[in-house]
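Trainee: Here's a structure for you.
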Amino acid sequence: MISVIAKIPLQDGKADEFTEAFKEIAVGVAAEEGNHLYSLSFSKKEPNTAVIMERYDDKDALGAHSQSDHYAAFGARIGGLLAGPPEVVIMNEIAIA
Numbered sequence: 013m014i015s016v017i018a019k020i021p022l023q024d025g026k027a028d029e030f031t032e033a034f035k036e037i038a039v040g041v042a043a044e045e046g047n048h049l050y051s052l053s054f055s056k057k058e059p060n061t062a063v064i065m066e067r068y069d070d071k072d073a074l075g076a077h078s079q080s081d082h083y084a085a086f087g088a089r090i091g092g093l094l095a096g097p098p099e100v101v102i103m104n105e106i107a108i109a
């Protein structure tokens, strides 16, 4: 299992617009084979920081996600909302409770 955490810094006042874009991509991601989680949260300490948590069967499923049309459309839509580059951590998941 592959897990991904993406911390995305947003410009002030852009959280709602980002959330709407996320809701749109989430529909496509839910239909992806090998996807088990695609979740959006916001940091309590840093309210302009979006955190996306993802889980995939394997690197092939993650790769297919990264090459999807809805992923490209999401990237294009949110580009102007960012306050800086996202911080993405890709992990090999060992255990889950």
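Here this note's numbering is used: the first residue of the sequence shown is 13, the next is one more, and so on.
Cβ coordinates follow ideal geometry from the N, Cα and C atoms, glycine included.
Going by DSSP, what residues sit across from I64 in a beta bridge?
Mentor: Answer by DSSP bridge pairing, in chain order: A18 and L52.
Trainee: Taking three-plus beta-carbon pairs below 8 Å as touching, is the stretch 74-82 in contact with the stretch 31-42?
Mentor: Short answer: they touch.
Trainee: Excluding five sequence neighbours on each side, which residues of the same chain lie with their C-beta closer than 6 Å to the C-beta of P98?
Mentor: So the qualifying residues of the chain are A18 and I20.
Trainee: Taking its Cβ as the centre, do 16 or more other Cβ atoms sit within 10 Å of T31, making it buried, or is it exposed?
Mentor: The residue in question, T31, is exposed, as its Cβ has fewer than 16 Cβ neighbours within 10 Å.
Trainee: So, under 8 Å CB-CB, V16 and I102 are touching, yes? Tell me the CB distance rounded to an integer number of Å.
Mentor: Correct: roughly 5 Å between the Cβ atoms.
Trainee: Could you check which residue in A107, D28 and A62 has the C-alpha nearest to that of L52?
Mentor: It is A62 whose Cα lies nearest to the Cα of L52.
Trainee: Given a cut-off of 7 Å, decide if D28 and G46 are closer than it, judged by their beta-carbon atoms.
Mentor: No, these two residues do not count as a Cβ contact at 7 Å.
Trainee: Can you check DSSP and say which residues form a bridge with L94?
Mentor: L22.
Trainee: Output yes or no for whether 7 Å exceeds the beta carbon distance between I14 and L74.
Mentor: Against a cut-off of 7 Å, the Cβ pair of L74 and I14 comes out as a contact.
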